[in-house]
Amino acid sequence: MAVHTPHRKSGYALYSQVAVLVLSLGACGSNNDNNNGDNNPEPVPEPGLVSCADTASCASNPPLEIGGERPAQVEIPSNYDLNTRYPLVIVLHGYGVTGSIESLYLGLDSRVDDKQVVLVKPDGTPNLAGTRFWNATPACCAKVAAAEDNSGEDYTQIDDVAYLRGLIEEAAATYSIDTGRITLFGHSNGGFLALRMVCEAADYVTAVISLAGSTFADAASCAPASLPVSVLLLHGTLDETIAYAGDEILGEAFPGAQETAMRFAGLGGCDDSNPAQLGTADVVNSLPGEETSIIGYTDCQPGIDVELWTIVDGPHIPLPWVPAAIDNFVDWLLDHPRPN
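Position 290 (the sequence shown) corresponds to 526 in my numbering; numbering is contiguous.
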């Protein structure tokens, strides 16, 4: 069981129940038309990131596992074609689960064909108790992992940013990747890491969604943030694990959703002082009506969007999702390539 602050009930234990549910039900399908590279703006290739498509060296039947000693499972479209450049989607799981379970929970596997993407599902490092985690920020979750297994291990030495950068490079060298659309979808601990990648790997990453995640307590730690990245934050107001208003874990603070959104709006060159109301959406089937309110920041750098989707009365692990909402989230990622 994960260690957490005494006054806050942990949502990590719920993942075992969610895993059983998603494995038994499977992911919701999508009936939307394909959303492939031909239907999106022509992206700008990332500096220093070369795809095998650039050198005509992609294999027609590539391996479905990359990552070497830290393997990641990969899904490619059933009609995979070397003449197509596919957006890359990397799913980053929450504390204590795996990339495959998180992907099923979010319904991403079933959208590989519909959305014409390459999906990579890495796993965090297991602590000595076997619990997988990411070393994202001081609050989440290397310190939690060490406290859980009571081993005295210093898990803060794990460099998950370097691991993900290497995984992106290997994916680009292995699959026909559109290097102008390198996207992340992270949940909880994975949401923290997704946002850290905006800070430290903006030369690779082009768009990020963070569900129930947060960022560094000290805004100055988010560096170098060398290029603007589109960010969508999705967070429930009744999250009892990563509080919507911010809190601390084992003495390490993290900012709330609104503060986090404002910071990334600033990094995107937006006017962070007066976000605009963008309406409401029905995202979670178990909550009544259009329970999610959406704000967006204006005057961002060209091609950049930063949005905060607040799930009113939403928990740490929203369930079940409205299928169209997941379609919209994946579309949002794909519709935000690196600007020209």
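Even for Gly, the Cβ is constructed at its ideal location relative to N, Cα and C. Model, not experiment: these values are computed from the prediction.
As a quick exercise: from Arg432, Tyr440, Thr320, His572, pick the residue whose alpha carbon is nearest that of Ala453. Your numbering for residue 453 matches position 217 in the sequence shown. Looking at Arg432, Tyr440, Thr320, His572, the one whose alpha-carbon comes closest to that of Ala453 is Arg432.
Residue closest to Leu503, alpha-carbon to alpha-carbon, out of Leu523, Tyr533, Ser529: On the sequence shown, position 267 is the one that residue 503 refers to. Taking only the C-alpha atoms, the option nearest Leu503 is Tyr533.
Nearest candidate by alpha-carbon position, reference Val380, set Thr410, Tyr331, Arg347, Ala481: Position 144 of the sequence shown, counting from 1, holds the residue named residue 380. Residue nearest to Val380 within the set Thr410, Tyr331, Arg347, Ala481 is Tyr331 (criterion: CA-CA distance).
Would you please state the rounded distance, in angstroms, between the beta carbons of Thr496 and Ser450? I believe it to be under 8 angstroms. Taking the sequence shown and counting its residues from 1, one reaches residue 496 at position 260. Taking the sequence shown and counting its residues from 1, one reaches residue 450 at position 214. Correct: roughly 6 angstroms between the Cβ atoms.
Taking Cβ positions, are Gly550 and Leu474 nearer each other than 8 angstroms? One-based indexing of the sequence shown puts residue 550 at position 314. One-based indexing of the sequence shown puts residue 474 at position 238. Taking 8 angstroms as the Cβ cut-off, Gly550 and Leu474 qualify as a contacting pair.
Helix, strand or coil at Val239 [DSSP, three-state]: The sequence position of residue 239 within the sequence shown is 3, counting from 1. Residue confidence for Val239 is low, a pLDDT of 33 falling below 50, so the modelled location carries little weight and cannot support an answer.
What is the DSSP secondary structure of Leu324, counted as helix, strand or coil? Here the question's residue 324 lines up with position 88 in the sequence shown. Strand.
Could you check where the beta strand (DSSP E) with Trp545 kicks off and where it finishes? Along the sequence shown, read from residue 1 onward, the residue named residue 545 stands at position 309. Per DSSP, Trp545 belongs to the beta strand (DSSP E) from 542 to 547.
Could you give the distance in angstroms between the alpha-carbon of Leu420 and the alpha-carbon of Val444? For the purposes of this step, residue 420 is taken as the residue at position 184 of the sequence shown. For the purposes of this step, residue 444 is taken as the residue at position 208 of the sequence shown. If I take the Cα positions, the gap works out to 5 angstroms.
Please state whether the Cβ-Cβ distance between Leu344 and Leu328 is less than 8 angstroms. As a first step, residue 344 must be located in the sequence shown, where it is residue number 108. As a first step, residue 328 must be located in the sequence shown, where it is residue number 92. Taking 8 angstroms as the Cβ cut-off, Leu344 and Leu328 do not qualify as a contacting pair.
Leu570 burial status per 10 Å Cβ neighbour count (16 or more: buried): For this step, residue 570 is matched to residue 334 along the sequence shown. Leu570 should be labelled buried.
DSSP three-state label for Thr516, please. Position 280 of the sequence shown, counted from the start, is the residue given in the question as residue 516. It is a strand residue.
Using a Cβ-Cβ cut-off of 6 angstroms (strictly less than) and excluding sequence neighbours within five positions of Ala378, which residues of its own chain qualify? Translated into the one-based positions of the sequence shown, residue 378 becomes position 142. Apart from the 5 residues on each side of it in sequence, Ala378 sits with its Cβ closer than 6 angstroms to the Cβ of Asn371, Tyr391, Thr392 in its chain, given in chain order.
Can you list, in chain order, the residues of its chain with a C-beta nearer than 6 angstroms to that of Gly360? Leave out the 5 residues immediately preceding and following it. By one-based count along the sequence shown, residue 360 stands at place 124. Sequence-distant partners of Gly360 (beyond 5 residues in either direction) whose C-beta falls short of 6 angstroms from its own C-beta, in its chain, are Arg368, Phe369, Trp370.
Between Ala512 and Ile531, is the Cβ-Cβ spacing less than 8 angstroms? Translated into positions along the sequence shown, residue 512 becomes position 276. Translated into positions along the sequence shown, residue 531 becomes position 295. With contacts defined by Cβ atoms closer than 8 angstroms, Ala512 and Ile531 form a contacting pair.
Just checking my contact of Val542 with Cys506 at CB under 8 angstroms: how many whole Å lie between their CB atoms? Stepping through the sequence shown from its first residue, residue 542 is reached at position 306. Stepping through the sequence shown from its first residue, residue 506 is reached at position 270. Val542 to Cys506, Cβ: 6 angstroms. Contact.
Under a Cβ-count criterion, where at least 16 other Cβ atoms within 10 Å of its own Cβ denotes burial, should Val300 be classed as buried or exposed? Along the sequence shown, one-based indexing puts residue 300 at 64. It should be pointed out that residue 300 corresponds to Leu in this sequence rather than to Val. So Leu300 counts as exposed.
So with Cβ pairs under 8 angstroms, would you call Leu514 a contact of chain B? The chain labelled as chain B is not found in the depicted structure, where only one protein chain is given.
Here's a check: name, in chain order, each residue in its chain whose Cβ is nearer than 6 angstroms to the Cβ of Ala263, leaving out the five neighbours to either side. The sequence position of residue 263 within the sequence shown is 27, counting from 1. A caution first: Ala263 carries a pLDDT of 34, below 50, which makes its placement in the model too unreliable to give a value.
What is the C-beta distance between Leu447 and Leu470, in whole angstroms, given that I count them as a contact (C-beta under 8 angstroms)? What you label residue 447 is simply residue 211 of the sequence shown in a count that begins at 1. What you label residue 470 is simply residue 234 of the sequence shown in a count that begins at 1. For a cut-off of 8 angstroms, the C-beta gap from Leu447 to Leu470 is around 5 angstroms, short enough to register as a contact.
I need the boundaries of the alpha helix (DSSP H) containing Phe452, first residue and last residue. Along the sequence shown, one-based indexing puts residue 452 at 216. Careful: Phe452 lies outside any alpha helix (DSSP H) and carries neither H nor E.
Going by other Cβ atoms of all chains shown within 10 Å of its Cβ, with 16 needed for buried, is Asn386 buried or exposed? In the sequence shown, the residue the question calls residue 386 occupies position 150. Residue environment analysis places Asn386 among the exposed positions, since fewer than 16 neighbouring C-beta atoms fall within 10 angstroms of its C-beta.
Just to confirm, are Val286 and Ala408 a CB contact at a threshold of 8 angstroms? On the sequence shown, position 50 is the one that residue 286 refers to. On the sequence shown, position 172 is the one that residue 408 refers to. Cβ distance < 8 angstroms, so Val286 and Ala408 count as in contact.
According to DSSP, is Trp568 helix, strand or coil? Within the sequence shown, residue 568 is the residue found at index 332, counting from 1. In the displayed model, Trp568 falls within a helix according to three-state DSSP.
Might you give, ordered along the chain, the residues of its own chain that have their beta carbon closer than 6 angstroms to the beta carbon of Val566, omitting 5 neighbours on each side? What you label residue 566 is simply residue 330 of the sequence shown in a count that begins at 1. Excluding positions up to five away in sequence, the list reads Arg347, Lys351.
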